[in-house]
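Reading through the structure tokens given below for one structure.
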Amino acid sequence: MASPLSHSLPSTRLNALRIALFYGLLAALWIVLSDVLLMWLLPQPASLQFWIELAKGLAFVSLTSLLLHLLLRTWERQISAAFVREHQSEERYRSVFENNHAVMFIVDPESGAIVDANPAAVQFYGWSRETLQQMNVMEINTRSPEQIRAEMQAAKTARRHYFEFPHRLADGSVRDVEVYSGRITLDNRTLLYSIVHDVTERRRTLQALAASEARLQQLSLAIEQSPNSILITDLEARIQYVNQAFLTTTGYALNEVLGSNPRLLQSGQTPHTTYATMWATLTLGMTWKGEFHNRRKDGNNYIEFAHVAPLRQQDGTITHYVAVKEDITDKKRIAAELDQHRHHLEELVKQRTVELTTARQQAEAANLAKSAFLANMSHEIRTPMNGVLGMIELLALTPLTPEQTQRLNTIRESGKSLLHLIDDILDFSKIEAGRLELEQAPVALAPLVADLCAALEPLASSRAVDLRYTIAPTLPEWVNSDAVRLRQLLYNLVGNGIKFAQGHDGQRGWVQVRLEPATDPAYTLTLSVADNGIGMSAEAQAQLFKPFGQAEASTTRRFGGTGLGLTICKRIVDLLGGVMTVDSAPQCGATFSVQLPLEAAAIPPSTPALERPAAAPPEPAPTPEPTASAPAAPIPAPAGERRLLIAEDDEINQEVIQLQLDMLGYQVDIANHGLEALELWRRNRGRYLALLTDLHMPQMDGYSLTAAIRREEAEHNERTGQTEHLPILALTANALRGEAERAQELGMDAYLTKPLMLEDLERALIQWLGTAPPSPHPDANGQTLDAQSSAAPLS
């Protein structure tokens, strides 16, 4: 740092002498010239007086020059002394500044520029001295520039001398510092000197100490306010400390227990082995826990559960014992009461368990009875209906008069309505009994809707109703769902729309079916059925999905129905995880909307109809079989013979199926039960084109019959290397879910439900036999009867 005093002492002395000589020469020259000029202006002879005055003037000049020289020499000595003092002070300051271990730097308070920094500052901040001299204090101090300027002004005006700042170092770290600042003048400049102390570690230590003191305070409060009794004794078991809970529990005052032995609490009921075990454990430096039966000051006994542990110093020396004790008297009493109640409850639970087991068994038996009842009802109702509708169909193929044909069609339609009503009642019964189950399989949406609308088109046309459907192209082609229940849902909704949209007020009715993506992200498909029918009020809509309810009482008479269709639809939608709503107003039609969470499915691979493995099917339940030493050799069928084997126990259905097959050009052998059918198949092996069997028959049912045939076929094929396979078609009045799956597992090829229409029977036989028989006989009007297919292939 450059010294503010830059001149030496010799140069100061030389300047003083030059000033005195210059003054004397100038004054003497002035006196001489002034007198000469006066003599020239006044031409008089020079007198003695003139030379005296001249001498006096020169003497005065010499004397004043001497005095001036003396004054300058005095000033010179003063300046020299001041110079020496200032030089010595500057040297002392420079030594202190350069050699001080404290961080020091000088700052311009106006701009914040760092004028100089000592080596300690260089070491602390990590920048070189030259770099620091080019930096601004605001590059080090992390406070805002406004705050820094305000603090520098405070130091400059001596309002403050002590400051606390966060300072940034060259490595990017920030340290907490204390700064002592003051004003200093150097080279006529007012600057600030700053002495910086790093207090980061001290502050951290103080913070840790404060936290430790806070924790100690919390620990002290926790001990003092603990609900458990706490006491500390020395190694001689003299009590040194107890908390307030100890005093409250025992009833003693603090001065009564300090210095005493804890034995003052003994009641005599604690076993001596307890104390012996405790002291033995503590002597080993371990923690002991156990129960004490103690006595309060008032003489009442109480029970404590105690944890007693030795207290060790840092060097591991045990100096005290601490005991934490909980009064468990009430807990013991409550535990005894609870134990008594527990034993009582165990007895009650045992009794209740027996009752619940009995109730569960009864409920399971009731559920099994419901299932058996539903299966039996389905079988018993559909069996005579097969006879009724089958005979009606056969009768329609005979010569009839137009009037007879019209009446027969009326009987047929009534029979179909009755069958539909029976199906609704059975479905509703299954729903109420919790027996309606859904399957998850790939379903093609477009063909399902198109086939259903095509099937209902004749009904809509007969009632002057236009039936239209729209399927959004963005919908997936296949979805995972239950095809049967989706078809049932659509059939009921569209059938309702046709029923209520039939011509009224002179206008033609219409029904619009739409399938489109759902707007609600929780669903994927919206199915809506709209019509321009009679509509319904808000009150009627509130009753719409309740069993046996309809829009209004008069609709039962005007339009018919049981009121179960929409209830079944609502339950199916609920089972599918969707929602169903209706929007309608009187004379404004109705729109039923169903939103379903259906997932897209992969296109299922197609399976050839007659490709079936020749493995043995699962073993059926044991059933009696006729004895046979070995399977009879197959008897080839006579040329041109088309013979089928029928297993049916109902005589009316035997007659119906025989007449139907006769009209289709087949010969039949009829067995009254499974054993008889099995024996016929064995005697005439290779003669029958197919077996049509009922599932529920006496002696041997259709399941056991199928299993026996498949087992013998497998044995024969394994022995001979052939691929013998008899097409077996289930023919049953049981339409409950699970029957078709069971039939497939046992090796049946198709599942035909009664009532069985002639067209369905013909279609199934063509599918499984591969050749078409002669066409069925037309009715009296030259037309064949139409019917929906009820044959379900199982392969």
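Going by our numbering, the letters in the sequence shown line up with residues 449 to 1243, in that order. Backbone N, C-alpha and C define an ideal beta-carbon position, used for all residues, glycine too.
The Cβ atoms of Tyr-971 and Gln-1043 sit closer than 9 Å to each other. Around Gly-1037, the same chain offers Asp-979, Asn-980, Gly-981 and Gly-983 as residues with beta carbons nearer than 6 Å, after the five sequence neighbours per side are excluded.
Taking C-beta separations shorter than 7 Å and ignoring five residues to either side along the sequence, Ala-662 has no partners in its chain.
Contact between Gln-581 and Asp-564 holds: their C-beta atoms lie close to 6 Å from each other, under 8 Å.
Shortest Cα-Cα distance from Thr-1039 to any of Val-959, Pro-847, Met-1111 and Thr-967 involves Val-959.
If you look at Met-1111, you'll find it in the alpha helix (DSSP H) that goes 1099-1111. Spatial neighbours of Pro-614 in its own chain (CB-CB distance under 8 Å, excluding positions within 5 residues in sequence) are listed in chain order as Asn-589, Thr-590, Arg-591, Val-622, Arg-623, Asp-624 and Val-625. Between the region 663-682 and the region 724-743, the count of C-beta pairs closer than 8 Å stays below three; the two stretches do not touch. Between Ser-976 and Ala-1033, the C-beta gap is not smaller than 9 Å, which leaves the two residues out of contact. Straight across, the Cα-Cα distance linking Ser-510 with Leu-481 is about 16 Å. Beta-bridge partners assigned by DSSP to Gly-630: Tyr-641. Burial state of Ala-1095 is buried, judged by a 10 Å Cβ sphere holding 16 or more other Cβ atoms. For the pair Thr-974 and Glu-987, the CB atoms are not nearer than the 9 Å cut-off. Taking 9 Å as the cut-off, the Cβ atoms of Asn-1120 and Asp-1149 do not count as close.
The residue among Asp-930, Glu-1163 and Ala-1050 with its C-alpha nearest the C-alpha of Leu-1023 is Asp-930. Put simply, the region 793-806 does not touch the region 1155-1163. Fewer than three CB pairs are less than 8 Å apart. Annotated three-state conformation of Ser-1032 is strand, per DSSP. The residues Leu-900, Cys-901, Leu-904, Leu-915, Val-959, Val-961 and Val-977, in chain order, have a CB closer than 8 Å to that of Val-942 in the same chain once the five nearest residues on each side in sequence are set aside. For Arg-1130, the enclosing alpha helix (DSSP H) covers residues 1122-1131. For Trp-523, DSSP records no beta bridge to any residue. Short of 7 Å from the beta carbon of Asn-548, and not among the five residues preceding or following it, lie these beta carbons of its own chain, in chain order: Asn-566 and Ala-568. Put simply, of Ala-561, Met-586 and Arg-637 the residue whose alpha carbon is nearest the alpha carbon of Glu-578 is Ala-561. By the CB criterion at 9 Å, Leu-713 and Asn-748 fall outside the cutoff.
At a Cβ-Cβ threshold of 9 Å, Tyr-917 and Val-897 count as neighbours.
Boundaries for His-1173: no beta strand (DSSP E) harbours it, and the DSSP string shows neither H nor E there. Of the candidates Tyr-769, Val-627, Leu-702 and Ser-543, Tyr-769 places its Cα closest to the Cα of Thr-735. Taking each of Thr-1141, His-1173 and Leu-1140 in turn and checking the Cα distance to Gly-1134, the smallest one comes out for His-1173.
The Cβ neighbour count for Ala-701, taken over all protein chains shown within 10 Å, is under 16; the residue is labelled exposed.
For Leu-477, the closest alpha carbon among the candidates Ala-658, Leu-506 and Ala-1191 is that of Leu-506. Restricted to the region 742-784, the beta strand (DSSP E) segments that are unbroken, complete and at least 3 residues in length are 749-760 and 766-775, listed in chain order.
Out of Ala-656, Arg-1159, Leu-1179 and Leu-1177, the CA that lies nearest to the CA of Thr-1171 is found in Arg-1159.
In the structure shown, the three-state DSSP call for Trp-1216 is helix.
By a beta-carbon distance limit of 8 Å, Leu-848 contacts Leu-856. Their separation comes to about 7 Å. Residue state for Tyr-610 is assigned as strand, using DSSP reduced to three classes.
Residues of the same chain with a CB within less than 8 Å of the CB of Pro-832, apart from the 5 flanking positions on each side, are Ile-1100 in chain order.
If you check the CB distance, Val-551 and Phe-572 come in under 9 Å.
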